[in-house]
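Notes for the one structure printed next.
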Amino acid sequence: MASLETEVLVIGGGSTGAGVVRDAAMRGFKTVLVERKDLADGTTGRFHGLLHSGGRYAVRDPEAAKECIEENLILRRTAADCIEDTGGLFVSTPWDDPAFGDTFLEGCRATGVPVEEISVAEALQREPRLHPGISRAFTVPDASIDAWKLVWGCARSAQEHGAEMLIYHRVVRLERSDGRVSGALVRDELTGRELRIHADVVVNAAGAWAGQIAELAGCRVNVLPGKGIMIAMNHRLVNTVINRCKMPADGDILVPIRTVSVIGTTDTRVADPDDLEITEAEVEEMLDEGEKLVPGFREARALRAWAGARPLFAPEEVADTREVSRSHALVDHRERDGVEGLVTITGGKTTTFRLMAEAAMDAACEQLGVDRPCRTAEEPLPGSEAREFYTLGSRVRAREPVPQLQEIICECELITRERLEEAMEWRHTPNLDDIRRTLRLGMGPCQGGFCIYRATGILHSVERLDHLAANESLLSFLQERWKGVHPILYGDQLRQARLDDWIFQGLLGVQRLPT
Amino acid sequence: MTYDTVVIGAGLAGLTAALRLAEEGRQVILVAKGVGSTHLAPATIDVLAVDDKSPAEALSKLPSEHPYARLPVEVVAASIEWFKARVAGYRGGLHENFLLPTAVGAVKPSAVVPESMAGGDLRGGGRFVFVGLGLKDFYPAYLAENLDQLADVSARGIELTLSHEGSLDLARRFEQADLREVIARQLNAQLEPDERVGFPAVLGLRHAAEVWRDLEERLERPVFEVATLPPSLPGMRLYEAMSEPLRKAGGRVIIGPTVVAAETSNGRVEGVVVEQAARSTTLRARSFMLATGGFASGGLQLDSRGRIRETVFDLPVAGAPDRPRFLPTYLEEQPLDRVGVAVDEQFRPTDVDGNPRYENLYAAGATLAGAAPWREGSGNGLSVATGYAAATILEGAQ
Numbered sequence: 243m244a245s246l247e248t249e250v251l252v253i254g255g256g257s258t259g260a261g262v263v264r265d266a267a268m269r270g271f272k273t274v275l276v277e278r279k280d281l282a283d284g285t286t287g288r289f290h291g292l293l294h295s296g297g298r299y300a301v302r303d304p305e306a307a308k309e310c311i312e313e314n315l316i317l318r319r320t321a322a323d324c325i326e327d328t329g330g331l332f333v334s335t336p337w338d339d340p341a342f343g344d345t346f347l348e349g350c351r352a353t354g355v356p357v358e359e360i361s362v363a364e365a366l367q368r369e370p371r372l373h374p375g376i377s378r379a380f381t382v383p384d385a386s387i388d389a390w391k392l393v394w395g396c397a398r399s400a401q402e403h404g405a406e407m408l409i410y411h412r413v414v415r416l417e418r419s420d421g422r423v424s425g426a427l428v429r430d431e432l433t434g435r436e437l438r439i440h441a442d443v444v445v446n447a448a449g450a451w452a453g454q455i456a457e458l459a460g461c462r463v464n465v466l467p468g469k470g471i472m473i474a475m476n477h478r479l480v481n482t483v484i485n486r487c488k489m490p491a492d493g494d495i496l497v498p499i500r501t502v503s504v505i506g507t508t509d510t511r512v513a514d515p516d517d518l519e520i521t522e523a524e525v526e527e528m529l530d531e532g533e534k535l536v537p538g539f540r541e542a543r544a545l546r547a548w549a550g551a552r553p554l555f556a557p558e559e560v561a562d563t564r565e566v567s568r569s570h571a572l573v574d575h576r577e578r579d580g581v582e583g584l585v586t587i588t589g590g591k592t593t594t595f596r597l598m599a600e601a602a603m604d605a606a607c608e609q610l611g612v613d614r615p616c617r618t619a620e621e622p623l624p625g626s627e628a629r630e631f632y633t634l635g636s637r638v639r640a641r642e643p644v645p646q647l648q649e650i651i652c653e654c655e656l657i658t659r660e661r662l663e664e665a666m667e668w669r670h671t672p673n674l675d676d677i678r679r680t681l682r683l684g685m686g687p688c689q690g691g692f693c694i695y696r697a698t699g700i701l702h703s704v705e706r707l708d709h710l711a712a713n714e715s716l717l718s719f720l721q722e723r724w725k726g727v728h729p730i731l732y733g734d735q736l737r738q739a740r741l742d743d744w745i746f747q748g749l750l751g752v753q754r755l756p757t
Numbered sequence: 395m396t397y398d399t400v401v402i403g404a405g406l407a408g409l410t411a412a413l414r415l416a417e418e419g420r421q422v423i424l425v426a427k428g429v430g431s432t433h434l435a436p437a438t439i440d441v442l443a444v445d446d447k448s449p450a451e452a453l454s455k456l457p458s459e460h461p462y463a464r465l466p467v468e469v470v471a472a473s474i475e476w477f478k479a480r481v482a483g484y485r486g487g488l489h490e491n492f493l494l495p496t497a498v499g500a501v502k503p504s505a506v507v508p509e510s511m512a513g514g515d516l517r518g519g520g521r522f523v524f525v526g527l528g529l530k531d532f533y534p535a536y537l538a539e540n541l542d543q544l545a546d547v548s549a550r551g552i553e554l555t556l557s558h559e560g561s562l563d564l565a566r567r568f569e570q571a572d573l574r575e576v577i578a579r580q581l582n583a584q585l586e587p588d589e590r591v592g593f594p595a596v597l598g599l600r601h602a603a604e605v606w607r608d609l610e611e612r613l614e615r616p617v618f619e620v621a622t623l624p625p626s627l628p629g630m631r632l633y634e635a636m637s638e639p640l641r642k643a644g645g646r647v648i649i650g651p652t653v654v655a656a657e658t659s660n661g662r663v664e665g666v667v668v669e670q671a672a673r674s675t676t677l678r679a680r681s682f683m684l685a686t687g688g689f690a691s692g693g694l695q696l697d698s699r700g701r702i703r704e705t706v707f708d709l710p711v712a713g714a715p716d717r718p719r720f721l722p723t724y725l726e727e728q729p730l731d732r733v734g735v736a737v738d739e740q741f742r743p744t745d746v747d748g749n750p751r752y753e754n755l756y757a758a759g760a761t762l763a764g765a766a767p768w769r770e771g772s773g774n775g776l777s778v779a780t781g782y783a784a785a786t787i788l789e790g791a792q
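Those protein sequence lines, which keep their order, are chains A and B.
Using our numbering, the final residue of the first sequence is 757, and nothing's skipped along the way.
Using our numbering, the final residue of the second sequence is 792, and nothing's skipped along the way.
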């Protein structure tokens with residue numbers, strides 16, 4: 243069996259793991275990251291894209307609020323290219339008690355979240371689609387953040403510092419020797435080959451799956467997967483993050499990100515983070531809550547629904563996952579369980595991923611008996627050196643100077659053939675969903691109706707796939723797109739889906755392809 | 395003025411019904427908010443996509459809810475013959491399906507096909523070369539590799555890079571002989587004697603028949619088109635081939651306005667209100683033909699609360715599923731697939747009790763309940779057959 247030696251092994255390729263691998267590599271450790279699927283395939287790739295100001299937690303969870311605002315400010319300096327500076331508003335709708343606004347103001351001031359009350363008229367001028375019956379409005383520095391860009395930015399930075407990223411590698415077991423964790427046995431999910439990784443310290447950054455990983459070392463980490471569903475609406479119904487000014491509840495936030503706005507979310511405790519069904523009742527609830535923020539919400543076109551599993555760390559059993567702190571949890575297993583060589587970092591949120599990584603690596607350093615300072619709060623991610631936020635028009639602007647020269651393969655997301663081929667060569671994958679996470683392929687209104695055939699044809703040639711593998715790429719991406727579309731099919735999106743059926747089933751006859 | 399018939403919808407069902415009525419000397423106006431499905435679909439007349447038996451035989455075995463089941467097989471056959479007599483260059487019939495390659499290299503059964511596609515027929519096998527033209531909507535190597543797996547078929551792809559033009563621009567350029575000459579010269583150097591040559595379906599628009607014949611002569615072998623992503627050039631040709639004789643027979647074709655309401659009294663439709671550029675007009679007629687299509691075309695709508703609406707006359711909708719409306723697996727038949735307007739024996743939309751809602755309103759095409767056009771490969775066949783049959787009945791009733 244193949245094996246490799248490293249100092250730090252990071253398990254999990256979400257924002258936390260990506261933060262840890264970068265942090266470790268920048269501290270000069272030889273570092274390897276393993277992820278069972280693609281980077282940001284789990285919770286990180288399935289949230290609404292909110293870079294928290296902390297306002298949401300200012301009343302209920304002050305610790306989380308403080309962390310959020312500190313990290314928000316750091317990421318604005320170090321990951322600007324992943325951020326759209328939309329700003330945020332907290333509004334009291336006719337369904338919310340206006341007096342909560344005072345509690346909210348107090349909470350923000352106590353936690354250091356910059357807040358300002360503005361007039362209703364000003365709020366409505368800024369966001370004309372907002373419910374005209376709002377009674378109060380407050381500005382906070384919320385923003386939206388592109389999680390894939392963030393995670394890949396960390397990964398690239400880590401690689402520049404010598405780290406190795408092993409995606410589609412699943413941890414089969416943690417290796418134990420002399421009462422300490424000494425590495426892991428991992429399996430390449432694409433080839434089935436196993437690999438033994440020896441490590442001085444293992445950082446469990448598996449998020450909602452962190453309990454499963456810790457269990458491999460005989461340690462109990464009580465992570466409650468909290469299911470949250472979100473729906474992307476096919477328009478920027480608002481250009482500012484809109485929050486309901488009340489205690490956090492379901493469907494009370496609308497985040498403008500890229501070309502869509504995302505309403506979220508729910509919070510339901512589930513047994514298995516890999517089994518997140520979206521029910522009709524949940525969709526109905528989101529649409530009803532959307533109406534309260536933006537009247538006419540139901541008439542707008544819904545693009546896609548998805549669910550993510552929050553990793554909520556609970557020291558003991560709780561009934562309601564909303565009661566669990568959003569602040570992160572670090573478990574030093576040497577200290578707590580007498581198991582050396584293992585650190586678990588979980589809980590938290592994408593906004594605080596960097597801080598979580600820092601905490602995990604501080605603990606790892608302590609276990610290794612070395613003192614190397616964290617540098618991630620100062621050094622910008624590759625691509626963010628200029629400290630310029632991205633804007634909605636960034637892709638169009640980049641394309642405008644050369645309008646005729648390059649073919650557009652995905653019209654919705656303005657992806658040229660050149661960029662697509664580059665990404666395919668770089669990702670070296672038969673899986674178009676990996677390409678989606680890299681370029682946003684197929685994420686626009688037609689949900690792949692036009693680009694899936696083209697991308698398959700190009701992938702067949704770039705990756706030299708045989709016909710069966712290419713057919714599989716096409717069919718599995720179609721199925722992946724359908725997964726998020728079918729729970730919200732009505733109105734214009736149903737019309738779009740029918741056009742896509744026309745293309746795939748009527749014109750191309752993909753149901754008749756050999757597999 | 396009062397027309398004999400207002401036809402709503404410019405897809406193949408509406409065009410068929412309107413042309414049939416106009417040819418009988420009726421005053422017909424066809425009104426549609428845009429060109430219809432023709433510009434999206436491959437223009438083959440798929441009657442039923444059965445692999446191993448004749449479409450005619452399969453037609454006789456459909457369940458009674460299927461719109462085809464309203465029609466004797468002879469009527470379907472007559473509609474096809476009627477169509478072939480009007481649109482030049484279509485081949486085939488109900489006895490056996492062609493097996494045509496799709497742009498991914500799947501094999502698709504079609505009953506009646508444009509002559510420019512017939513050369514791609516895979517029955518009996520053969521050697522095929524597929525030629526890419528640098529078009530982003532056509533991948534010859536991928537499609538050829540899938541076809542190459544078939545018994546008796548050998549297939550390969552060649553890429554001739556022209557320029558990165560869209561299919562419409564390419565089609566226009568094919569109408570000039572110099573492009574055809576360049577392509578023929580390049581290809582003749584690479585072709586084996588018994589290979590047939592497939593191009594993406596961009597071989598001309600107005601003069602497509604000439605373009606295709608000229609390429610066959612220059613290459614001295616069968617040349618054929620493979621339908622690919624919209625816009626569909628063969629479909630645009632089909633639209634022209636139907637709407638031109640319709641105009642010549644005295645029919646009016648108005649594309650652009652939306653039909654927003656109906657005026658009815660005493661169980662009859664008196665007129666439909668059309669709106670364009672904030673102006674509305676009422677079109678009055680003795681009878682009306684609804685051919686607005688299904689969800690794809692906007693003839694039917696589903697709202698966020700699960701209510702399904704027929705958009706012009708607010709007709710009752712049949713076949714609406716209990717929950718769920720959709721299944722998690724994409725390629726399964728979806729519960730919503732066969733939703734549509736139920737009609738009586740005379741193709742008149744009915745109430746829940748089975749009686750015609752309006753005595754002078756008829757419906758045809760994808761609006762009708764009971765079919766799953768993409769899955770069963772029945773789209774254009776159903777449009778021609780029901781458009782023809784409903785127009786025949788309407789004509790008889792007047």
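Even glycine gets a Cβ: it sits at the ideal position worked out from N, Cα and C.
Straight-line gap, residue i to residue j (C-alpha atoms, nearest Å)
i	j	result
B:Phe568	B:Val617	14 Å
A:Gly460	A:Val423	10 Å
A:Asp574	A:Val585	5 Å
A:Thr482	A:Thr353	22 Å
A:Met666	A:His702	10 Å
A:Leu623	A:Ala321	6 Å
B:Gly598	B:Ala565	4 Å
B:Pro587	B:Leu554	19 Å
B:Gly408	B:Thr399	11 Å
A:Ile700	B:Tyr533	8 Å
A:Thr381	A:Trp394	30 Å
A:Ala306	A:Arg478	28 Å
Burial state of residue i (16 or more Cβ within 10 Å)
i	result
A:Leu417	The residue you asked about is not Leu; residue 417 of chain A is Glu in the sequence shown. A:Glu417 should be labelled buried.
A:Gln735	buried
A:Trp724	buried
A:Met685	buried
A:Asn446	buried
A:His709	buried
A:Met598	buried
B:Ile649	exposed
Residue i: contacting residues in chain B (beta-carbon distance under 8 Å)
i	result
A:Ser703	Tyr533, Ala535, Tyr536
Cross-strand partners of residue i (DSSP beta bridge)
i	result
B:Phe524	B:Gly551, B:Gly592
A:Phe332	A:Phe380, A:Asn485
A:Leu275	A:Val252, A:Met407
A:Asp574	A:Val585
Listed by chain order, chain A residues near residue i by CB distance under 9 Å
i	result
B:Tyr633	Within 9 Å Cβ-Cβ: nothing; B:Tyr633 doesn't reach chain A, min ~16 Å.
Partner residues on chain B for residue i, Cβ-Cβ distance less than 9 Å
i	result
A:Phe595	None at all; the shortest Cβ gap to chain B is about 31 Å.
Listed by chain order, chain B residues near residue i by CB distance under 7 Å
i	result
A:Leu736	Phe689, Leu696
Beta-carbon neighbours of residue i, restricted to chain A and to distances below 7 Å
i	result
B:Tyr724	Leu720, Gln721, Trp724
B:Leu623	Phe692, Tyr695, Ile745
Amino acids of chain A, ordered along the chain, whose beta-carbon sits closer than 8 Å to that of residue i
i	result
B:Arg566	Neighbours of B:Arg566 on chain A: none; closest Cβ ~17 Å, over 8 Å.
B:Phe522	Chain A residues near B:Phe522: none, gap ~15 Å exceeds 8 Å.
Residues in the segment 481-507 of chain B having any Cβ partner in chain A nearer than 8 Å
Thr496, Ala497, Val498, Gly499, Ala500, Val501, Lys502
Within 8 Å of chain B by C-beta, residues of the segment 654-674 of chain A in sequence order:
Cβ contacts with chain B: Arg659.
Give me the subset of the segment 491-522 of chain A whose CB atoms are less than 7 Å from a CB atom of chain B, sorted by chain position.
Glu522
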